[in-house]
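Letter by letter, the sequence shown follows residues -11 to 447 of my numbering.
Ideal Cβ positions, reconstructed from N, Cα and C, are used throughout, including at glycine.
Note that the structure is predicted; figures quoted are calculated from it, not measured.
Below is one structure, written out as structure tokens; comments come after it.
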Amino acid sequence: MKFEKNILGIGAGYVGGPSMAIIAYKCPTYKVTVVDINPQRIAAWNSDDLPVYEPGLDAVIAATRGKNLFFSADIEAGIRENDIIFVNVNTPIKMFGAGAGMATDLQYWEKTARQILQYSRSSKIVIEKGTFPVKTALAMERILSNNKTVHFDVLSNPEFLSEGTALKDLENPDRVLIGFRETESGIKARDTLVEIYANWVPRERIITSNIWSSELSKLVSNAFLAQRISSINAISAFCEKTDADITEVARIVGMDSRLGNKFLNASVGFGGSCFKKDILSLVYLCRHYNLNEVADYWEGVIKINQYQQERFILNMLNAMFNTITGKKICLFGFAFKANTGDTRESPAIFVARRLLEEQAEIVISDPKALKNARNDLQLEGIAGKVSYIEDPYEAAQGCHAIAVLTEWDIYRDLDFQKIYGTMTKPTFIFDGRNILDHEKLFKIGFNVYPIGKPALVHF
Ligand code: UDX
Ligand code: ADP
């Protein structure tokens, strides 16, 4: 069968996998190929055990794989055979050298740029899909301009999907953003990308902008979202000192239509691969341009997030008579949010490390993230008494305390009377997501510590 367009996605991770799959799903007349340097990842995408857990992803893959969606480890052939290339490789925080712990590590991205340069035999549209520091597209253009016979147009098309709702976000996005160069071929490239999205996204939601605004808007969107969480978390600390209730405050504030009611859930802190990395990248860029006050302002968002996690630990210690040495603590959830197995930058990693430093014993429970939890603890060299038990009833047995770290629905509906019966007394529950019925837990016998509201204690 001859396809109307041949599209390549480089990088088959949390962003690349689902976003390329949706293009294939929505555009049956296009052929979409996804490549990755990690052959195991490709093998997993070709198996029944997909490397990424996302609600609804299995069905989309089942409907497209082998028809117009193909996963391959052959990057060279992929680049040769496709004229539209989405770059979905990871851009983590740089952990070494200049900008260590702050700047974005562009080594994977640059390797991809060089591979595109090396293997291309015809003109290509190259689309930045991940989050990149502002002006990355310029560097991409400079690398690609070393081939004098092949023409490349670089577009910025940042992805706004959120894990756990990725399929919904991709099928029904608030907006699709395309940054382009105002040149004849830049405009043509832009129109090609608009045409792809117009297969399922209403035209008025596809917005185009200059390429630098597009790159910056992605950083700023994430910075604003994270800022909102740090704002509500900062106020949660205030509530705990004053007997105000953060849920009530958030509801009242959120009813102002200028502010809106989303992203106002106080928590143990935000995690995920994007927020911290993107703010640090923004801060790094601000310092680079000597905008130190602006950098300090955004750095505050990260500081409050660290403070919130540390506060959670100190509250636990304080509540449990200032010692948790030898006590068994059960973590309900390890993923950075519900409906994903992803644990990158999860507050649970910090909590686990700190509890083990205090010589507690921990039991980690999570419906999807236990494999990643094990890897995280190993990679971070976090040692101590740790066990991994998926079933929450079994996990809590014999524990002194439960800490809810991920807002999985299953935790809302547990039989806490039964759980209480199997735990060591006095029994504590620290609800780092405010998802449980605190009054009910208190009546059962738990000492209950929510975020940003008065604790309910029996002594
Ligand atoms: C985020 C952005 O939402 C998305 O647009 C972007 O493309 C990638 O980064 P993601 O990291 O998948 O998406 O998850 P998100 O839903 O934004 O949650 C991030 C963190 O904030 C999670 O740890 C979540 O639990 C926490 N959070 C979110 C809160 O603590 N309170 C809230 O009210 C909302
Ligand atoms: P994200 O959340 O941004 O999608 P992931 O780490 O989940 O990040 O996915 C990025 C993917 O990109 C990984 O599977 C990684 O192996 C892949 N990758 C990194 N560099 C290259 C490269 N040069 N060529 C192909 N794939 C790459």
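Subject >> Tyr185 - DSSP class collapsed to helix/strand/coil >> reply: Within the sequence shown, the letter at position 197 stands for residue 185. Note: Tyr185 maps to helix in three-state DSSP.
**OP:** Could you tell me whether the region 339 to 352 touches the region 360 to 380, where touching means 3 or more Cβ pairs closer than 8 Å?
**Re:** yes
**OP:** Determine, using beta carbons only, whether Asp425 comes closer than 9 Å to chain D.
**Re:** Although the question refers to chain D, the structure presented lacks it and comprises just one protein chain.
**OP:** Since I believe Gly66 is in contact with Thr21 (beta carbons under 8 Å), could you give me their beta-carbon distance rounded to a whole number of angstroms?
**Re:** Here residue 21 refers to the residue found at position 33 of the sequence shown. Here residue 66 refers to the residue found at position 78 of the sequence shown. At roughly 5 Å, the Cβ-Cβ gap stays under 8 Å, so Thr21 and Gly66 are in contact.
Subject >> Lining residues of the ligand UDX - beta-carbon closer than 5 Å to any non-hydrogen atom, in sequence order >> reply: Phe148, Ser150, Glu151, Ile217, Phe251, Asn253, Ser255, Phe258, Gly259, Gly260, Cys262, Phe324, Lys325
**OP:** Examine the ligand ADP and report whether any of its heavy atoms sits within less than 8 Å of the Cβ of Gln103.
**Re:** For the purposes of this step, residue 103 is taken as residue 115 along the sequence shown, with counting starting at 1. Flag set: Cβ of Gln103 near the ligand ADP.
**OP:** Can you have a look at Val256 and say buried or exposed, based on whether 16 or more other CB atoms are within 10 angstroms of its CB?
**Re:** Position 268 of the sequence shown, counted from the first residue, corresponds to residue 256. Per the 10 Å Cβ criterion, buried.
Original post:
Can Arg332 and Gly386 be called in contact, C-beta distance under 9 Å?
Top reply: Position 344 of the sequence shown, counted from the first residue, corresponds to residue 332. Position 398 of the sequence shown, counted from the first residue, corresponds to residue 386. No, these two residues do not count as a Cβ contact at 9 Å.
**OP:** Given a cut-off of 9 Å, decide if Gly440 and Glu298 are closer than it, judged by their beta-carbon atoms.
**Re:** The residue you call residue 298 lines up with position 310 of the sequence shown. The residue you call residue 440 lines up with position 452 of the sequence shown. Going by C-beta atoms, Glu298 is not nearer than 9 Å to Gly440.
**OP:** Using 8 Å as the cut-off, classify the Cβ of Gly118 as near or not near the heavy atoms of the ligand ADP, replying yes or no.
**Re:** Residue mapping note: residue 118 aligns to position 130 of the sequence shown, counting from 1. Under cutoff, so the answer is yes.
**OP:** Compare the C-alpha of Ser108 against each of Asn422, Arg342, Glu64 and name the closest.
**Re:** Taking the first residue of the sequence shown as position 1, residue 108 is located at position 120. Comparing Cα positions, the closest option is Glu64.
Subject >> Which listed residue (Asp364, Phe416, Asn327) has its alpha carbon closest to that of Asn303 >> reply: To locate residue 303, count along the sequence shown from 1; it is residue 315. Here the closest residue by C-alpha is Phe416.
Subject >> Reference Leu319, options Asn327, Phe309, Ile337, closest by Cα >> reply: By 1-based counting over the sequence shown, the position of residue 319 is 331. Minimum Cα distance to Leu319 is reached at Ile337.
Subject >> Rounded C-alpha distance that separates Lys356 from Glu42 >> reply: In the sequence shown, counting from the first residue as 1, residue 356 sits at position 368. In the sequence shown, counting from the first residue as 1, residue 42 sits at position 54. Spanning the two alpha carbons is a distance of roughly 10 Å.
**OP:** Find out if the Cβ-Cβ distance for the pair Phe449, Ala340 is shorter than 9 Å.
**Re:** An answer regarding residue 449 cannot be provided, because it is not within the stretch -11 to 447 covered by the chain.
Subject >> Beta-bridge pairing of Val75 - partner residues as DSSP gives them >> reply: Here the question's residue 75 lines up with position 87 in the sequence shown. According to DSSP, Val75 bridges with Ile(-2), Glu116.
**OP:** Buried or exposed for Lys431, please, with buried defined as at least 16 other CB atoms from any protein chain shown within 10 angstroms of its CB.
**Re:** For the purposes of this step, residue 431 is taken as the residue at position 443 of the sequence shown. Result: exposed.
Original post:
For the alpha helix (DSSP H) that Cys274 lies in, which residues bound it at each end?
Top reply: Counting from one through the sequence shown, the residue named residue 274 turns up at place 286. 263 to 276 is the span of the alpha helix (DSSP H), which, as asked, contains Cys274.
**OP:** Quick one: measure Cβ to Cβ for Ala222 and Ile292, integer angstroms, because I've assumed they're closer than 8 Å.
**Re:** Along the sequence shown, one-based indexing puts residue 222 at 234. Along the sequence shown, one-based indexing puts residue 292 at 304. Indeed, because the Cβ distance is near 5 Å, the residues count as touching under 8 Å.
Subject >> Through-space distance from Asp401 to Gly409, alpha-carbon basis >> reply: Within the sequence shown, residue 409 is the residue found at index 421, counting from 1. Within the sequence shown, residue 401 is the residue found at index 413, counting from 1. Between Gly409 and Asp401, the C-alpha separation is close to 17 Å.
Original post:
Buried or exposed: Arg169, going by 16 or more other Cβ atoms within 10 Å of its Cβ?
Top reply: Taking the first residue of the sequence shown as position 1, residue 169 is located at position 181. Per the 10 Å Cβ criterion, buried.
**OP:** Look at the alpha carbon of Met519 and the alpha carbon of Leu165, and state the distance between them as a whole number of angstroms.
**Re:** Nothing about residue 519 can be read from this structure; the chain reaches only from -11 to 447.
**OP:** My understanding is that Thr92 touches Phe120, with C-beta atoms under 8 Å, so please give their C-beta distance in whole angstroms.
**Re:** Translated into the one-based positions of the sequence shown, residue 92 becomes position 104. Translated into the one-based positions of the sequence shown, residue 120 becomes position 132. About 7 Å separates the two Cβ atoms, so the contact holds.
Original post:
What do you reckon, is the C-beta of Asn457 under 8 Å from a heavy atom of the ligand ADP?
Top reply: This structure cannot settle anything about residue 457, because the visible part of the chain is limited to -11 through 447.
Original post:
Looking at the structure shown, is Tyr295 part of a helix, part of a strand, or coil, going by DSSP?
Top reply: Position 307 of the sequence shown holds residue 295. The answer is helix: DSSP assigns Tyr295 an H, G or I state.
Original post:
If we count the other Cβ atoms within 10 Å of its Cβ and call it buried at 16 or more, is His464 buried or exposed?
Top reply: With the chain running from -11 to 447 in the structure shown, residue 464 is simply not present.
Original post:
Is the beta carbon of Arg400 within less than 8 Å of some heavy atom of the ligand ADP?
Top reply: The residue given as residue 400 occupies position 412 in the sequence shown. Not so, every heavy atom of the ligand ADP lies at least 8 Å from the Cβ.
Subject >> Whole-angstrom C-beta distance between Asp330 and Tyr2, which should lie under 8 Å >> reply: Indexing the sequence shown from 1 puts residue 2 at position 14. Indexing the sequence shown from 1 puts residue 330 at position 342. Indeed they touch by this definition, with Cβ atoms about 6 Å apart.
**OP:** Give the single residue among Asn278, Phe309, Ala384 whose Cα lies nearest to the Cα of Gly321.
**Re:** Locating residue 321 in the sequence shown gives position 333, counting from the first residue. Looking at the Cα atoms, Ala384 is the closest of the given residues.
**OP:** Using DSSP bridges, identify the partner residues of Lys123.
**Re:** As a working mapping, residue 123 is identified with position 135 in the sequence shown. Beta-bridge pairing links Lys123 to no other residue.
Original post:
Which residues bound the alpha helix (DSSP H) around Phe404?
Top reply: Numbered from its first residue, the sequence shown carries residue 404 at position 416. That run of the alpha helix (DSSP H) goes 404 to 410.
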